[in-house]
Structure formats: C-alpha cells, structure tokens
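Below is one structure; the comments refer to it alone.
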Amino acid sequence: MDYAEIGQTIAQLRKAKRISQQQLCRDIHIARATLSNFERGVSPDIGLRKVLQILDYLGHELVTRERSPFPVFEELLREKHSGR
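The working numbering puts the first residue of the sequence shown at 1330, with every later residue one more than the last.
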C-alpha cells in the first residue's frame, strides 16, 4: 500500500463516519488543502506521524505484517500488462 492508497482509505473512513475535512483538520491541526491533496493522492506531502494521528482520530491504526513470498493479484496484473 502506498501513500495514495492510504489517502484514499482515509477519505473513505472519514466519509463513512460523516466527518468533514474541515472538522478533521480543525481537530488535528492541519490545513484542509493538505488533507484534501493527501486524500486525492495529488501531493502526499504529509508525514507518517500525521497519518497515524488521522488514523487514530478515525478509530483505526496502521499495522505492518511480513510480506508474502507469493505475488498479490495487482502484481500479477502488472506483469501481464508489461509483457514479462
């Protein structure tokens, strides 16, 4: 998962909880333009600490796990389309 996907996930979580960008930004002290750009994947210019704070605010957390030795579906599609 990259920063753009994390931004999209945050947007989905925020909307599901009916929290506006304005409310979230006010409560965690970031500019609305920063959050908007992050959610849209336009400019992922936001630090990990702030991402963790946003996730915590939304009742979620970032979890890591060991990478599987087997390719995921998206990787298989990329290989197919790249002609490998």
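Where is the CB? At the ideal position from N, CA and C, for every residue including glycine. Nothing here was measured: the structure is a model prediction, and the numbers come from that model.
To the nearest angstrom, how far is the alpha carbon of residue i from that of residue j?
i	j	result
Val1392	Glu1403	20 Å
Leu1364	Glu1390	18 Å
Leu1381	Ile1357	11 Å
Ser1411	Val1401	16 Å
Arg1407	Ser1397	17 Å
Phe1367	Leu1377	12 Å
Using a Cβ-Cβ cut-off of 6 Å (strictly less than) and excluding sequence neighbours within five positions of residue i, which residues of its own chain qualify?
i	result
Gly1370	Ala1333 and Gly1336
Taking all protein chains shown into account, decide if residue i is buried (16 or more other Cβ within 10 angstroms of its Cβ) or exposed.
i	result
Ile1375	buried
In terms of alpha-carbon separation, which member of the options lies closest to residue i?
i	options	result
Leu1387	Lys1344, Asp1331 and Met1330	Lys1344
Gln1350	Arg1361, Gln1341 and Leu1342	Arg1361
Ile1359	Lys1379, Ile1348, Ala1340 and Glu1368	Lys1379
Gln1352	Asp1331, Ile1383 and Phe1367	Ile1383
Using C-beta distances below 7 Å, list every residue in its chain close to residue i, excluding the 5 sequence neighbours before and after it, in chain order.
i	result
Leu1342	Leu1387 and His1389
Practice problem: Any chance you could list the alpha helix (DSSP H) runs of at least 4 consecutive residues sitting entirely within the stretch 1363-1390, in chain order? | Solution: 1377-1386
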